[in-house]
């Protein structure tokens, strides 16, 4: 790389090959510097969750003087006499229900939009796309009234039921885009073999759509897990609280002594997302990249 | 090839009677597949939109029947409620700071990453991680602590001789800390930019380099136009999301929008009116104004996009 005399003195934004070594190293140093600044809040969170009460604010050092595991055992007791196990289970229940709902309902709707012909297909598709941009708050209050009438306030239905009705149009769109890329010949062959639309959906298309379904499942899980607003308005009984809502209880009580346990519990709340991220980063990053290019 | 692929498969010869029945059957099948979505879109989207429009003209507290009051909610909002305007200016300040800075940072890092050979995947994932974690209450609480009096940021700045104190206790600075949390999550648009950059043909840069175009010239005349559709997509998406910011403002101010209403973003005030004060009619009116405002901003962006968004395919192939 360094042997060939550079023919173009100016480094083109598109040509990495021609970049001399010092420039490359500078680039890496800059990127790593930005990365360190970005990761600081996360490091701070983990470090603070191990700090004894008197060090949380007073100490300027990132690392605790000794590891105070007590924060974690306090956090395990939970909030409002509801243990972390229960809170974790509640969060998981909602997130898994949402995942199941989205994967089923969005793939069904997506198949119709991507592959079947029906009256009003164009306008309905446009409407579906428009609902992606609809602010959630515009429909929040009537939805609350509906769920209240159905006696579903303070249950998990308001968080799960809409997912079984494909209200997350973003994922319908994502799966439609993916299905459009599958060769039509597959279904034609299936049809010649006597498959109706249902058979060809379940046996031919659905297995091939797996990457898009995985992306849908992971994003649904993470977004539902992180969701705060919906849980805040629908759940009020501490027994039914999720990890997010339990953390919220700490917001009001701002005494310093609660800091350690609060951040220990924050670590609990982030752990599943971090694990998901480490396990599925390819799906997440590619899914995000694809959404922009096709959109 | 394309002709056979796009034509409905059953357009092939067979008997016309069978074709009809077949077509009807497939229409029916389509509606079966669509039924969950149709129910959801009607009952959980269209109906609530209509109901909230109706409620916005009423006085409603969840317990008594709604009472029609005409445009009173709207006139009160626009002329008699300083907190409403406070929430509007707070939200606009936040959007105007957070969105451009987030996108600029995303673009800068994407361009830097494009020319990185080794460790590209690692960088991409690491920069993306905050976008997944950032929406969590956990991170909002971290933000509250590190921007508090005596928190990390305060310590760092006073070490450098800048004495601001805790940002979250200072009107004017508090909303900046919320904006920084959004900027921190630049990974999602960055990943989209990077994917867009990689689709720009390298020949364009090579030709420009031969012609002696500077780095800046290439950036302005190749990168920006070629990337403009992606830039537009990111801008619309981030803008819509930014107007609806809630969790960090809630966490930083313990749900109250303080200090001195300086973090009272629009949705936080909407929540306060609707669910704390039980003025559901007023909150519905606020929701519709938000819907219209977002619609208007999106429409304006789409309108201006004709002037600056460049679709390469339009000139080459005339569509698709």
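Residue numbers (the numbering used here), protein chains in the order written: chain R, 1 to 295; chain Z, 1001 to 1320.
Each residue gets a CB set at the ideal place from its N, CA and C atoms; glycine is no exception.
{"Query": "If you draw a straight line from the alpha carbon of residue 1214/Z to that of residue 164/R, how long is it in whole angstroms?", "Result": "54 Å"}
{"Query": "Kindly indicate which three-state DSSP category residue 1220/Z falls into: helix, strand or coil?", "Result": "helix"}
{"Query": "Output the distance between the C-alpha atoms of residue 1142/Z and residue 41/R, rounded to the nearest integer angstrom.", "Result": "7 Å"}
{"Query": "Please state whether DSSP places residue 225/R in a helix, a strand or coil.", "Result": "helix"}
{"Query": "Scan the stretch 1167-1244 of chain Z and note each continuous alpha helix (DSSP H) run of 4 residues or more that stays entirely inside, going in chain order.", "Result": "1174-1184, 1187-1197, 1202-1210, 1215-1218, 1224-1243"}
{"Query": "Would you tell me roughly how many angstroms separate the C-alpha atoms of residue 173/R and residue 115/R, rounded to the nearest one?", "Result": "13 Å"}
{"Query": "Please tell me whether, using a cut-off of 8 Å, the distance from the CB of residue 1269/Z to the nearest non-hydrogen atom of the ligand GDP is below it.", "Result": "As for the ligand GDP, it is missing from this structure, which has no ligand bound."}
{"Query": "For the stretch 27-50 of chain R, enumerate the residues whose C-beta is nearer than 8 Å to any C-beta of chain Z, in chain order.", "Result": "27, 28, 30, 31, 34, 35, 38, 39, 40, 41, 42, 44, 45, 48"}
{"Query": "Looking at the C-beta of residue 284/R, does it have a partner C-beta in chain Z at a distance below 9 Å?", "Result": "yes"}
{"Query": "Rounded to the nearest angstrom, how far is the Cβ of residue 233/R from that of residue 144/R, given a contact under 8 Å?", "Result": "6 Å"}
{"Query": "Taking Cβ to Cβ, would you say residue 314/R is nearer than 9 Å to residue 1031/Z?", "Result": "Nothing about residue 314/R can be reported from this structure: the residues present for chain R run from 1 to 295 only."}
{"Query": "Evaluate contact between the stretch 266-274 of chain R and the stretch 234-249 of chain R, counting only Cβ atoms and requiring at least three cross-stretch pairs below 8 Å.", "Result": "yes"}
{"Query": "Identify whether residue 1095/Z lies in helix, strand or coil by the three-state DSSP scheme.", "Result": "helix"}
{"Query": "With 9 Å as the threshold, decide whether the Cβ of residue 2/R is near any Cβ in chain Z.", "Result": "Note that residue 2/R scores 38 on pLDDT, short of 50, meaning its location in the model is unreliable and no value can be drawn from it."}
{"Query": "Taking Cβ-Cβ distances below 8 Å as the criterion, which residues of the stretch 1247-1267 of chain Z are in contact with chain R?", "Result": "1247, 1250, 1251, 1254, 1255, 1267"}
{"Query": "Does the beta carbon of residue 275/R come closer than 9 Å to any beta carbon on chain Z?", "Result": "no"}
{"Query": "Less than 9 Å between CB atoms is the rule here; does residue 1074/Z satisfy it with respect to chain R?", "Result": "no"}
{"Query": "At the level of alpha carbons, what is the spacing between residue 1180/Z and residue 1275/Z?", "Result": "28 Å"}
{"Query": "Among the residues of its own chain, which have a CB less than 7 Å from the CB of residue 1086/Z, if the five just before and after it don't count?", "Result": "1261, 1264"}
{"Query": "At least one CB of chain Z closer than 9 Å to the CB of residue 176/R: is that the case?", "Result": "no"}
{"Query": "With three or more beta-carbon pairs closer than 8 Å as the criterion, would you say the stretch 90-108 of chain R touches the stretch 210-227 of chain R?", "Result": "yes"}
{"Query": "Three or more beta-carbon pairs under 8 Å between the stretch 179-198 of chain R and the stretch 128-136 of chain R, yes or no?", "Result": "no"}
{"Query": "Once DSSP output is grouped into helix, strand and coil, what is the label at residue 12/R?", "Result": "Here residue 12/R scores only 47 on pLDDT, less than 50, and its place in the model is too uncertain to base an answer on."}
{"Query": "Step through the CB atoms of chain Z and report whether any lies within less than 9 Å of the CB of residue 145/R.", "Result": "yes"}
{"Query": "Can you look up residue 82/R in the DSSP assignment and give me helix, strand or coil?", "Result": "strand"}
{"Query": "Do you know how far the Cα of residue 201/R is from the Cα of residue 1091/Z?", "Result": "45 Å"}
{"Query": "How far does the alpha helix (DSSP H) with residue 1124/Z in it extend, from its first residue to its last?", "Result": "1120-1133"}
{"Query": "Residues of the stretch 1112-1136 of chain Z with a CB closer than 9 Å to any CB of chain R: list them in chain order, please.", "Result": "1112, 1113, 1114, 1115, 1116, 1117, 1118, 1119, 1121, 1123, 1124, 1125, 1126, 1127, 1128, 1129, 1130, 1131, 1132, 1133, 1134, 1135, 1136"}
{"Query": "Should residue 1109/Z be flagged as near chain R, meaning a C-beta pair shorter than 9 Å?", "Result": "yes"}
{"Query": "Got a sec: is the Cβ-Cβ distance from residue 166/R to anything in chain Z below 9 Å?", "Result": "yes"}
{"Query": "Taking only beta-carbon positions, decide if residue 1090/Z is within less than 9 Å of chain R.", "Result": "no"}
{"Query": "Is it buried or exposed, residue 106/R, if we count other Cβ atoms within 10 angstroms and call 16 or more buried?", "Result": "buried"}
{"Query": "Does DSSP classify residue 1318/Z as helix, strand or coil?", "Result": "Here the model assigns residue 1318/Z a pLDDT of 37, short of 50, so the residue's position is not dependable, and the following value carries that caveat. Three-state result, residue 1318/Z: coil."}
{"Query": "Checking contacts by CB at 9 Å: is residue 117/R closer than that to chain Z?", "Result": "yes"}
{"Query": "Residue 1135/Z: which of 1309/Z, 1249/Z, 1228/Z sits nearest, CA to CA?", "Result": "1249/Z"}
{"Query": "Would you list the one or two residues that DSSP bridges to residue 1059/Z?", "Result": "1067/Z"}
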